[in-house]
Amino acid sequence: MSLKSFSIFNYGQNITKSNQFVNFSEAGPEITAIIKIGSYSLGQFIEKLSDAMNEAGGQVYSVVINRVTRKITISAPLNFSLLVTTGSHFAISTWSLIGFTSDKAGSNSYEADVQAGFVYEPQFKLQRYLDFDDFVETVDSSVNTSASGIVEVVSFGQNNFMECNIMYATDIIGQGAIKNNLSGVSNLRNFMNYLIRKRPVEFIPDIANPSVFIPCILEKTRASSTGVSFQLYEMYSRGLANYYETQTLTFRKV
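Quick note on numbering: the sequence shown equals residues 1085 to 1338 in my numbering.
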């Protein structure tokens, strides 16, 4: 079936040696927080940022995100400064990923200048959609049958999967139900290249309700049973040149 609403994916929170530093101050010398290297969902990312600033700083920092604007706010009980462009680790800082573009001073709370990370917005409602609640698999399960015929299943949790086909990715505009995007195909390629590196994303089934999201990771594609490669398929069978689809993608809830 098709998803009845347009959906989006939040992604991009990948921390490496080249972007793991956060410089700030508390009415004194520069303080450097270091975010642990790894790939995170947006929700995980703000937790890691809060942990890093609390470990390095002298007060308790709260990091929250407005799910509508996708802007991060950093707060503390007392005033502090964010050394976004003047910090000693400016060139290898996390500020651009957090969404700050300039230094902040004179307050105990700052909202980011721009949205955090990236968003991929399919141009058409997801097709061949199967919800996480409808695709469930037990983990490391075994079935035992007693002498009296009683059947018992022993398992260690369960995995929930979602399937979908992202269709009608195109740079062509003015196509009615297909959302206009002059970079539609390259945006999908960028998103898929992120996914095949097994990095978590947040799936929002209904773009009108951004507070409902599911952290997940790409499990497999038509091109790869382990989800480490992808292929975009031009929709020739429908007579549509320059329109692309992913065919079935499987995501695992994390």
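Cβ atoms here follow ideal geometry from the backbone N, Cα and C, with glycine treated the same way.
Here the structure is a predicted model, which is why all the values come from computation and not from measurement.
Closest residue to residue i among the options (Cα-Cα distance)
i       : options                               : result
Glu1205 : Thr1334, Tyr1328, Arg1336 and Ile1092 : Ile1092
Asn1094 : Pro1161, Phe1129 and Thr1310          : Phe1129
Leu1325 : Ile1256, Ala1160 and Val1220          : Strictly speaking, residue 1325 in this sequence is Ala, with Leu absent from that position. Ala1325 has its Cα closest to that of Ile1256, out of Ile1256, Ala1160 and Val1220.
Tyr1317 : Val1144, Lys1263, Arg1273 and Tyr1278 : Arg1273
Thr1178 : Ala1136, Phe1219, Leu1266 and Gln1331 : Ala1136
Pro1284 : Ser1180, Phe1184, Ser1267 and Phe1335 : Phe1335
Gly1096 : Arg1154, Thr1305 and Lys1263          : Arg1154
Leu1333 : Arg1306, Arg1322 and Thr1310          : Arg1306
Leu1302 : Val1198, Met1276 and Gly1183          : Met1276
Met1319 : Lys1282, Val1296, Ile1288 and Val1269 : Val1269
Phe1202 : Thr1330, Glu1131 and Ser1180          : Ser1180
Gln1259 : Gln1207, Ile1118 and Gly1323          : Gln1207
Beta-carbon proximity of residue i to residue j, cut-off 8 Å
i       : j       : result
Ile1280 : Val1312 : yes
Ser1146 : Ser1134 : yes
Ser1089 : Glu1286 : no
Tyr1194 : Ile1158 : yes
Ala1140 : Thr1169 : no
Ala1261 : Tyr1327 : no
Pro1161 : Val1148 : no
Asn1271 : Asn1265 : yes
Lys1132 : Ile1118 : no
Sequence-distant residues of the same chain with beta carbon closer than 7 Å to residue i, five excluded per side
i       : result
Ser1086 : Lys1209, Leu1210, Gln1211 and Tyr1213
Val1152 : Pro1294
Lys1304 : Thr1310, Gly1311 and Thr1334
Gln1331 : Asn1249, Arg1306 and Tyr1317
Ser1267 : Asp1255
Contact set for residue i: own chain, Cβ-Cβ below 8 Å, skip 5 residues either direction
i       : result
Ile1121 : Ile1099, Thr1100, Lys1101 and Gln1104
Glu1114 : Asn1107, Phe1108, Leu1167, Gly1171 and Ser1172
Lys1337 : Phe1216, Asn1243, Asn1244, Phe1245, Met1246, Ile1298, Pro1299 and Cys1300
Gln1199 : Thr1153, Arg1154, Lys1155 and Gly1183
Asn1138 : Val1144 and Tyr1145
Val1296 : Ile1288, Pro1289 and Asp1290
Boundaries of the beta strand (DSSP E) in which residue i is found, first to last residue
i       : result
Gln1143 : Looking at the DSSP string, Gln1143 is not in any beta strand (DSSP E), and its letter there is neither H nor E.
Arg1336 : Thr1332 to Lys1337
Tyr1320 : Element bounds for Tyr1320: n/a, residue is neither H nor E.
Arg1306 : It is not in any beta strand (DSSP E) - Arg1306 carries neither H nor E in the DSSP assignment.
Ile1257 : It is not in any beta strand (DSSP E) - Ile1257 carries neither H nor E in the DSSP assignment.
Ser1159 : Lys1155 to Leu1166
Arg1283 : Unbroken run through Arg1283: none, as it is neither H nor E.
Thr1222 : Val1220 to Thr1222
Residue interval of the alpha helix (DSSP H) (run including residue i)
i       : result
Tyr1278 : Gly1268 to Leu1279
Ile1182 : Trp1179 to Ile1182
Cβ-based neighbour list, residue i, same chain, cut-off 6 Å, excluding 5 preceding and 5 following
i       : result
Thr1185 : Asp1197
Gln1315 : Ala1307
Gly1142 : Glu1110
Tyr1278 : Tyr1095
Phe1219 : Phe1245
Worksheet item: Can at least three beta-carbon pairs, one atom from the region 1104–1113 and one from the region 1167–1174, be found at a separation below 8 Å?
Response: yes
Item to complete: Mind the definition here: the region 1150–1168 touches the region 1189–1201 only if three or more C-beta pairs lie below 8 Å; say whether that holds.
Response: yes
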